[in-house]
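These notes are about the structure you will find just below.
Residue numbers (our numbering): 376 to 514.
In structure tokens:
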């Protein structure tokens, strides 16, 4: 069995009991890669309702926001509370070579997937070289 050791676990639990908040930072892990003419970005948001996820683009900044609420009520006595709740936000700076008008977003199994196409003007293209007699060279 694999176990992760955390020397600050007891300190985190004590801090949480005293102030009622999680002491660990809240993160939205991300993977990004290019598949041909599309950039793919995946963000982990397990336990988040799809309707609480917002994806916005302003100029060259893409923002993903979400909120995860606790599943227990206010009258419940928490014994362990390690799963982060509250608001999450992540910003990505997009280059001018991406087409921000055609971003596709989906959410499945706790993962937000964004597909961002490369803009037509940024795609590589072949330029014909003309000879002195205006015929294309290399023909």
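Ideal placement from N, C-alpha and C gives every residue a C-beta, glycine not left out.
- Less than 7 Å divides the Cβ of residue 490 from the Cβ of residue 415.
- The beta-carbon separation of residue 485 and residue 406, rounded to 13 Å, does not stay under the 8 Å limit for a contact.
- Counting along the chain, residue 469 sits inside no beta strand (DSSP E), nor does DSSP assign it H or E at all.
- Under DSSP, residue 481 takes part in a beta bridge, and its partners are 488.
- Under DSSP, residue 409 shares a beta bridge with 414.
- Take the alpha-carbon of residue 432 and the one of residue 479: they are about 12 Å apart.
- Taking C-beta separations shorter than 6 Å and ignoring five residues to either side along the sequence, the partners of residue 477 in its chain run 492, following chain order.
- By a beta-carbon distance limit of 8 Å, residue 434 does not contact residue 460. Their separation comes to about 31 Å.
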